[in-house]
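Each remark here refers to the structure printed beneath this line.
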Amino acid sequence: MVVNTSRSLLYTLCREAVSFRSELRFYKSAFVSRQVFHCQRRTYSANGTKTSLSPNICSSLAGRSYKELYELSVEDPDTFWGSIAKERLLWNRPFDHVNNCDISTGRINWFPGGQLNVSVNCLDVHVAKHPNRVALVWERDEPGTEVNVTYRELLESTCRLANTLKRHGIHRGDRVAIYMPVSPLAVAAMLACARIGAVHTVVFAGFSAEALAGRIQDAQCKAVVTCNQGVRGGRVIELKATVDAAVKSCPSVRSVFVAQRTSNRVPMTGIDVLLEEEMAKEAADCSPEVMDSEDMLFMLYTSGSTGQPKGIVHTQAGYLLYASLTHQYVFDYRPGDVFGCVADIGWVTGHSYVVYGPLCNGATTVLFESTPVYPDPGRYWETVERLGINQFYGAPTAIRLLLKYEESWVKKYDRSSLKTLGSVGEPINHEAWEWFYNVVGDGRCPLVDTWWQTETGGVCIAPRPAEDGAEIIPAMAMRPFFGVQPALMDETGAAITGNDVSGALCISKPWPGMARTIYGDHQRFVDAYLKPYPGYYFTGDGAYRSKDGYYQITGRMDDVINISGHRLGTAEIEDALDEHPGVPETAVIGIPHDIKGEVPFAFVVLKEDDSLDHSVVIEDLRGLVATKIAKYAIPDHFLIVKRLPKTRSGKIMRRILRKVATDETSNLGDISTLDDPSVVTEIMQAYTRFKNQPAQKR
Ligand code: WTA
Numbered sequence: 001m002v003v004n005t006s007r008s009l010l011y012t013l014c015r016e017a018v019s020f021r022s023e024l025r026f027y028k029s030a031f032v033s034r035q036v037f038h039c040q041r042r043t044y045s046a047n048g049t050k051t052s053l054s055p056n057i058c059s060s061l062a063g064r065s066y067k068e069l070y071e072l073s074v075e076d077p078d079t080f081w082g083s084i085a086k087e088r089l090l091w092n093r094p095f096d097h098v099n100n101c102d103i104s105t106g107r108i109n110w111f112p113g114g115q116l117n118v119s120v121n122c123l124d125v126h127v128a129k130h131p132n133r134v135a136l137v138w139e140r141d142e143p144g145t146e147v148n149v150t151y152r153e154l155l156e157s158t159c160r161l162a163n164t165l166k167r168h169g170i171h172r173g174d175r176v177a178i179y180m181p182v183s184p185l186a187v188a189a190m191l192a193c194a195r196i197g198a199v200h201t202v203v204f205a206g207f208s209a210e211a212l213a214g215r216i217q218d219a220q221c222k223a224v225v226t227c228n229q230g231v232r233g234g235r236v237i238e239l240k241a242t243v244d245a246a247v248k249s250c251p252s253v254r255s256v257f258v259a260q261r262t263s264n265r266v267p268m269t270g271i272d273v274l275l276e277e278e279m280a281k282e283a284a285d286c287s288p289e290v291m292d293s294e295d296m297l298f299m300l301y302t303s304g305s306t307g308q309p310k311g312i313v314h315t316q317a318g319y320l321l322y323a324s325l326t327h328q329y330v331f332d333y334r335p336g337d338v339f340g341c342v343a344d345i346g347w348v349t350g351h352s353y354v355v356y357g358p359l360c361n362g363a364t365t366v367l368f369e370s371t372p373v374y375p376d377p378g379r380y381w382e383t384v385e386r387l388g389i390n391q392f393y394g395a396p397t398a399i400r401l402l403l404k405y406e407e408s409w410v411k412k413y414d415r416s417s418l419k420t421l422g423s424v425g426e427p428i429n430h431e432a433w434e435w436f437y438n439v440v441g442d443g444r445c446p447l448v449d450t451w452w453q454t455e456t457g458g459v460c461i462a463p464r465p466a467e468d469g470a471e472i473i474p475a476m477a478m479r480p481f482f483g484v485q486p487a488l489m490d491e492t493g494a495a496i497t498g499n500d501v502s503g504a505l506c507i508s509k510p511w512p513g514m515a516r517t518i519y520g521d522h523q524r525f526v527d528a529y530l531k532p533y534p535g536y537y538f539t540g541d542g543a544y545r546s547k548d549g550y551y552q553i554t555g556r557m558d559d560v561i562n563i564s565g566h567r568l569g570t571a572e573i574e575d576a577l578d579e580h581p582g583v584p585e586t587a588v589i590g591i592p593h594d595i596k597g598e599v600p601f602a603f604v605v606l607k608e609d610d611s612l613d614h615s616v617v618i619e620d621l622r623g624l625v626a627t628k629i630a631k632y633a634i635p636d637h638f639l640i641v642k643r644l645p646k647t648r649s650g651k652i653m654r655r656i657l658r659k660v661a662t663d664e665t666s667n668l669g670d671i672s673t674l675d676d677p678s679v680v681t682e683i684m685q686a687y688t689r690f691k692n693q694p695a696q697k698r
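If you want it as structure tokens, here you go:
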């Protein structure tokens with residue numbers, strides 16, 4: 001595994017990524033067909049010429065157009081963010097300055113001097129005004145069994161849970177792992193941490209015991225909150241058993257809080273606490289801890305180009321403000337709307353657009369526990385009809401899956417409540433975009449392709465907001481959000497000017513939602529994001545700026561792949577595979593997949609040992625990835641090769657592996673730096689033999 005963030009390498013990778021992606025079937029038409037949709041938006045001003053964005057971005061900025069607001073946000077961020085922060089958040093102490101950032105050294109401080117509590121901003125302020133408004137609609141796995149939770153009820157359970165945590169010795173600054181699927185108690189657990197100043201790290205409940213343990217150890221969590229079992233797609237998932245296996249190697253964990261999602265009993269150990277029983281004994285109020293703007297709110301582990309996942313740190317005020325502002329303006333959320341983001345809380349989308357953004361805005365937010373095809377492929381749209389969802393935010397992978405079924409699965413349900421559709425996590429191809437827009441949205445709802453990352457805290461590039469009636473180009477993220485100034489960089493590290501150009505996507509000024517550090521390793525944060533292009537935040541993605549100045553994301557420039565919208569470093573998979581005693585070396589790449597977007601393809605070198613049965617080794621390798629990471633990370637293909645293509649300096653030339661695995665060997669590009677070019681023919685032959693095998697053997 002090679003980690004090299006030098007610019008020329010990044011740039012080469014970028015160009016590679018750009019050409020690689022543009023080869024993918026579903027990207028083909030991206031630059032060719034330029035169908036423009038003018039989506040109708042409500043008009044906010046009566047004068048007919050200049051339309052203001054919204055009456056309530058903040059009173060001192062009211063009446064300004066999108067263009068004026070965007071210009072202000074990048075030219076005078078202090079006025080822009082300062083006015084909004086003062087008005088939209090409830091502060092215990094006002095901030096002294098709007099920002100004190102130096103992006104080149106990694107000092108990112110927003111609203112220093114300010115003090116507040118995030119749970120108060122998400123709950124108490126709304127309970128004071130409308131206690132009986134529904135905060136959460138828990139759309140449980142079985143259709144028709146949804147549960148509504150009002151703001152008052154959510155505040156009460158958050159306080160009871162916060163008191164339970166405190167009683168078990170969790171204090172301000174302590175880390176708490178949450179390993180549960182989306183549910184009102186999971187949301188209450190996040191907010192309870194925020195209430196007492198503890199730091200949550202939600203771990204996606206599909207991760208293995210080892211992956212969970214690695215995160216708990218890195219964060220030194222004092223407690224884990226989980227469920228006895230999970231329920232998804234009609235199947236029961238043994239969550240508590242996974243936690244039991246994980247905490248065996250986590251001496252920092254003193255308590256495991258177990259919520260009862262099913263009525264089945266699971267074995268309990270000495271450190272286990274029955275969550276609901278304990279909560280029932282606690283008071284329904286809990287005085288909120290007063291937090292500094294830059295205290296940690298949560299960390300969320302994500303993948304980079306090395307094997308070790310990184311704990312991305314977000315802090316209080318800036319994150320919350322950015323999540324709430326993007327939630328309102330990207331999706332055109334209006335008071336009273338039912339906001340349906342179907343992401344799991346194990347990912348950042350669940351943090352910002354299931355929990356913090358919507359709740360800070362006093363919205364009704366949907367917690368979707370099921371799958372797009374349970375009990376049938378009409379599930380999403382039946383849910384839209386039954387709950388009256390107004391904004392539907394999902395992942396392209398689900399759309400690609402659903403469009404393969406008859407349109408009648410969509411059409412038989414009433415979708416007239418829908419006003420905005422959103423897509424996130426990976427590029428959305430044209431076919432999926434148009435199906436989502438035309439079939440689901442009946443061609444009348446703006447569809448926003450939103451680009452952002454765990455590290456950005458909220459949406460950074462999306463078609464909305466924009467001037468009233470402004471165009472939306474299919475499958476393009478298009479416009480930067482307030483305060484975000486994208487830049488495309490060339491291989492010399494200079495910003496590329498003009499349009500119709502591609503380069504490494506950077507953001508040239510700090511914004512309140514950006515990550516502050518990597519937990520326990522600030523230098524890694526600086527090296528990964530701020531050093532490659534000094535003075536800029538480097539996203540790891542490549543992008544194209546169109547003739548009209550709109551942005552289109554072309555894909556990762558590093559060895560990170562996106563499986564069904566789930567981000568994973570190929571190095572993580574390689575590290576898992578390399579544990580096999582018969583496997584000295586592997587290289588994993590991503591190849592296109594119709595539904596999942598990308599899937600891992602593993603090239604495996606075996607020890608010279610005639611006794612090794614290849615199919616047994618491959619089974620072992622699958623098992624290793626499932627235990628060390630998660631089932632979804634298991635490579636779809638394993639190809640056994642004698643050696644890997646390496647440069648004279650020992651770097652694996654993954655470009656060649658990608659070309660081989662996608663049948664694009666007619667133009668391999670420059671292979672003169674390979675140590676031994678004959679390796680290419682060798683690998684191509686192995687691939688031909690592999691392709692000719694029956695599918696189940698690959
Ligand atoms: C990719 C998810 C194209 C991108 C919110 C990014 C996208 C990574 C889009 C972050 C999009 C996300 N178009 N690519 N609209 N949205 N990506 O951290 O490569 O799980 O860097 O955050 O997903 O994934 P993450």
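Take 1 as the starting number for the sequence shown in the working numbering and just add one per residue.
The beta-carbon is built from N, C-alpha and C at its ideal position, and this holds for glycine as well.
Note that the structure is predicted; figures quoted are calculated from it, not measured.
Q.
Spatial neighbours of Val74 within its chain, please: C-beta separation below 6 Å, excluding the five flanking residues on both sides.
A. Gln485, listed in sequence order.
Q | Residue interval of the alpha helix (DSSP H) (run including Pro358) | A | Taken as a continuous stretch (DSSP letters only), the alpha helix (DSSP H) holding Pro358 covers 357 to 360.
Q: Report the residue ranges of all beta strand (DSSP E) runs contained in full by the segment 390 to 436; include only those spanning at least 3 residues, in chain order.
A: Within the segment 390 to 436, the complete beta strand (DSSP E) runs of at least 3 residues are 391 to 394, 420 to 424.
Q: Report yes if the C-beta distance between Phe705 and Gly270 is below 9 Å; otherwise report no.
A: The structure shown does not extend to residue 705, since the chain is modelled only from 1 through 698, so no value can be given for it.
Q. Considering only residues of the segment 186 to 237, which uninterrupted alpha helix (DSSP H) runs meet the minimum length of 4 residues and lie entirely inside it, listed in chain order?
A. As far as the segment 186 to 237 is concerned, its whole alpha helix (DSSP H) runs of at least 4 residues are 209 to 219.
Q. Do you know how far the Cα of Gln260 is from the Cα of Arg235?
A. C-alpha separation (whole angstroms): 16 Å.
(Q) Using the Cβ count rule (16 or more neighbours within 10 Å means buried), how would you classify Thr681? (A) By the beta-carbon neighbour count (other beta carbons within 10 angstroms, threshold 16), Thr681 is exposed.
Q. Say the cut is 8 Å; is the CB of His430 nearer than that to a heavy atom of the ligand WTA?
A. Not so, every heavy atom of the ligand WTA lies at least 8 Å from the Cβ.
**Q.** Residue of Arg232, Gly513, Thr158 minimising C-alpha distance to Ala284
**A.** The residue with the shortest Cα to Cα distance from Ala284 is Thr158.
Q: Return the CA-CA distance between Tyr11 and Ser59, expressed in angstroms with no decimal places.
A: Only weak support is given to the placement of Tyr11: the predicted model assigns it a pLDDT of 49, under 50, and the value that follows is read from those uncertain coordinates. Rounded to the nearest whole angstrom, the CA to CA distance from Tyr11 to Ser59 is 44 Å.
Q) Where does Pro702 fall in DSSP's three states? A) Because the chain in this structure spans residues 1 to 698, residue 702 falls outside the shown range and cannot be described.
Q: Note down, one range per segment and in chain order, each alpha helix (DSSP H) of at least 4 residues found wholly within the segment 88 to 158.
A: Fully enclosed alpha helix (DSSP H) runs of 4 or longer: 125 to 129.
**Q.** Through-space distance from Arg648 to Glu585, alpha-carbon basis
**A.** Whole-angstrom Cα-Cα distance: 17 Å.
Q) Thinking just about the alpha-carbon of each residue, which of Ile671, Leu191, Pro600 is nearest to the one in Leu639? A) Ranking Ile671, Leu191, Pro600 by Cα distance to Leu639 puts Pro600 first.
(Q) Can you look up Asp78 in the DSSP assignment and give me helix, strand or coil? (A) Helix at Asp78.
Q.
Can you check whether the C-beta of Gln328 is within less than 9 Å of a C-beta belonging to chain C?
A. Here there is only one protein chain, and chain C is not present.
Q.
At the level of alpha carbons, what is the spacing between Ala116 and Met291?
A. Note that residue 116 is Leu in the sequence shown here, rather than Ala. Distance between the alpha carbons of Leu116 and Met291 is about 5 Å.
Q.
Just verifying my parser: in three-state terms, what is the DSSP assignment at Asn438?
A. Here Asn438 sits in helix by DSSP.
Q.
If you measure between the beta carbons of Ala475 and Ile461, is that distance less than 9 Å?
A. When the beta-carbon positions are compared, Ala475 and Ile461 stay at least 9 Å from each other.
Q.
Check this for me: beta carbons of Val357 and Gln391, under 9 Å apart or not?
A. The amino acid occupying residue 357 in the given sequence is Gly; Val does not appear at that position. With respect to Gln391, Gly357 sits apart: the two C-beta atoms are not nearer than 9 Å.
(Q) Quick check: is any heavy atom of the ligand WTA less than 8 Å from the C-beta of Arg556? (A) Remark: the C-beta of Arg556 is in contact range of the ligand WTA, defined as less than 8 Å to any heavy atom.
Q. How about Glu426 and Thr539: are their beta carbons less than 9 Å apart?
A. It is not a contact, given that the beta carbons lie outside the stated cut-off.
Q: Measure the C-alpha to C-alpha separation of Trp381 and Tyr405 and round it to an integer number of angstroms.
A: Going by the C-alpha atoms only, they are around 13 Å apart.
**Q.** Leu165 versus Thr201 - alpha carbon distance
**A.** Straight across, the Cα-Cα distance linking Leu165 with Thr201 is about 15 Å.
(Q) I'd like to know whether the C-beta atoms of Ala504 and Pro534 end up nearer to each other than 9 Å. (A) The answer is no: Cβ separation not under 9 Å.
Q) With a Cβ-Cβ cutoff of 9 Å, do Val266 and Ala245 count as a contact? A) No, Cβ-Cβ distance for Val266 and Ala245 is not below 9 Å.
Q. For Gln217, which of Ala487, Gly520, Tyr66, Thr383 has the nearest alpha-carbon?
A. Of the candidates Ala487, Gly520, Tyr66, Thr383, the one whose C-alpha sits nearest the C-alpha of Gln217 is Gly520.
**Q.** In DSSP terms, what Gly569 is bridged to
**A.** Bridge partners of Gly569: Val560.
Q.
Just to confirm my understanding: we take Lys222, look at its own chain, exclude 5 residues before and 5 after, and list those with CB closer than 8 Å. What are they?
A. Spatial neighbours of Lys222 in its own chain (CB-CB distance under 8 Å, excluding positions within 5 residues in sequence) are listed in chain order as Gly169, Ile170, Asp174, Arg175, Val176, Ser252, Val253, Arg254, Ser255.
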